[in-house]
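The numbers in numbering that gives the first Met the number 0 rise by one with no breaks, and the one at position 20 of the sequence shown is 19. No residue lacks a Cβ here, since even glycine has one placed at the ideal position from N, Cα and C. As C-alpha coordinates, the structure follows; a few thoughts come after it.
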Amino acid sequence: MDHGANGFAEGRREERRRYIERRAARTAVPDRTKNVKKPWTVDEARIALDLSRTVPAAALEIGRTASAVESLRLRWRRGRLPDLLSIHFPPPRNTQR
0 MDHGANGFAE GRREERRRYI ERRAARTAVP DRTKNVKKPW TVDEARIALD LSRTVPAAAL
60 EIGRTASAVE SLRLRWRRGR LPDLLSIHFP PPRNTQR
(Lines of atoms letter the chains of each structure in order from A; the text may use other names.)
(Lines give C-alpha, C1' and ligand atoms only; values in the text may rest on other atoms or scores of the structure.)
Protein backbone atom coordinates (compact mmCIF):
# COMPACT_ATOMS: atom_id res chain seq x y z
CA MET A 0 0.00 0.00 0.00
CA ASP A 1 1.48 3.34 -1.05
CA HIS A 2 0.65 6.13 1.41
CA GLY A 3 2.85 8.73 -0.20
CA ALA A 4 4.55 11.49 1.80
CA ASN A 5 1.30 13.02 3.05
CA GLY A 6 -0.13 9.70 4.25
CA PHE A 7 2.99 8.92 6.26
CA ALA A 8 3.12 12.40 7.80
CA GLU A 9 -0.58 12.24 8.66
CA GLY A 10 -0.10 8.83 10.27
CA ARG A 11 2.81 10.14 12.35
CA ARG A 12 0.76 13.15 13.48
CA GLU A 13 -2.08 10.86 14.54
CA GLU A 14 0.34 8.56 16.37
CA ARG A 15 1.88 11.55 18.17
CA ARG A 16 -1.57 12.92 19.10
CA ARG A 17 -2.58 9.56 20.62
CA TYR A 18 0.71 9.35 22.52
CA ILE A 19 0.20 12.84 24.00
CA GLU A 20 -3.37 12.00 25.01
CA ARG A 21 -2.29 8.75 26.70
CA ARG A 22 0.57 10.46 28.55
CA ALA A 23 -1.69 13.27 29.70
CA ALA A 24 -4.23 10.71 30.94
CA ARG A 25 -1.53 8.86 32.90
CA THR A 26 -0.38 12.04 34.63
CA ALA A 27 -3.74 13.77 34.96
CA VAL A 28 -5.29 14.47 38.33
CA PRO A 29 -8.57 12.61 38.89
CA ASP A 30 -11.72 14.74 39.11
CA ARG A 31 -10.06 17.81 37.55
CA THR A 32 -11.83 19.62 34.75
CA LYS A 33 -9.95 19.41 31.48
CA ASN A 34 -7.82 22.43 30.49
CA VAL A 35 -7.99 24.19 33.85
CA LYS A 36 -5.38 26.94 33.71
CA LYS A 37 -4.52 27.14 37.38
CA PRO A 38 -1.64 29.52 38.21
CA TRP A 39 1.59 27.86 39.29
CA THR A 40 2.63 28.17 42.92
CA VAL A 41 6.29 28.61 43.83
CA ASP A 42 6.34 25.17 45.46
CA GLU A 43 4.86 23.51 42.37
CA ALA A 44 7.30 25.32 40.10
CA ARG A 45 10.23 24.29 42.30
CA ILE A 46 9.32 20.64 41.74
CA ALA A 47 8.49 21.07 38.04
CA LEU A 48 11.76 22.91 37.32
CA ASP A 49 13.91 20.40 39.19
CA LEU A 50 15.73 18.80 36.28
CA SER A 51 16.77 15.81 38.38
CA ARG A 52 13.11 14.68 38.18
CA THR A 53 11.59 13.28 35.03
CA VAL A 54 8.69 15.19 33.52
CA PRO A 55 6.10 12.49 34.34
CA ALA A 56 7.42 12.08 37.90
CA ALA A 57 7.24 15.82 38.54
CA ALA A 58 3.76 15.97 37.01
CA LEU A 59 2.44 13.20 39.22
CA GLU A 60 4.01 14.71 42.33
CA ILE A 61 2.40 18.12 41.84
CA GLY A 62 -0.86 16.95 40.29
CA ARG A 63 -0.46 18.42 36.82
CA THR A 64 -0.09 16.89 33.39
CA ALA A 65 3.29 16.13 31.87
CA SER A 66 2.50 18.66 29.14
CA ALA A 67 2.03 21.38 31.75
CA VAL A 68 5.42 20.59 33.29
CA GLU A 69 7.07 20.60 29.85
CA SER A 70 5.45 23.92 29.05
CA LEU A 71 6.69 25.50 32.28
CA ARG A 72 10.21 24.18 31.68
CA LEU A 73 10.20 25.60 28.17
CA ARG A 74 9.04 29.03 29.38
CA TRP A 75 11.74 28.91 32.08
CA ARG A 76 14.50 28.13 29.54
CA ARG A 77 13.29 31.00 27.37
CA GLY A 78 13.14 33.41 30.31
CA ARG A 79 9.36 33.80 30.01
CA LEU A 80 8.06 32.69 33.39
CA PRO A 81 5.15 34.61 34.93
CA ASP A 82 6.34 37.54 37.06
CA LEU A 83 5.51 35.80 40.33
CA LEU A 84 7.78 32.90 39.42
CA SER A 85 10.54 34.77 37.60
CA ILE A 86 11.65 36.48 40.81
CA HIS A 87 12.21 33.05 42.38
CA PHE A 88 13.66 31.22 39.38
CA PRO A 89 16.21 32.99 37.19
CA PRO A 90 16.68 31.45 33.74
CA PRO A 91 18.89 28.34 33.86
CA ARG A 92 22.59 28.44 33.10
CA ASN A 93 23.55 27.07 29.70
CA THR A 94 24.80 23.89 31.38
CA GLN A 95 21.28 23.22 32.79
CA ARG A 96 19.41 23.45 29.51
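- Our two residues, V68 and L83, have alpha carbons roughly 17 angstroms apart in a direct line.
- Less than 8 angstroms separates the beta-carbon of R76 from that of P91.
- Residue environment for T40: exposed (fewer than 16 other C-beta atoms within 10 angstroms of its C-beta).
- The beta carbon of D49 sits closer than 8 angstroms to the beta carbons of A57 from its chain, once the five residues preceding and following it are set aside; these are given in chain order.
- Going by DSSP, R76 is part of the alpha helix (DSSP H) stretching over A65 to R76.
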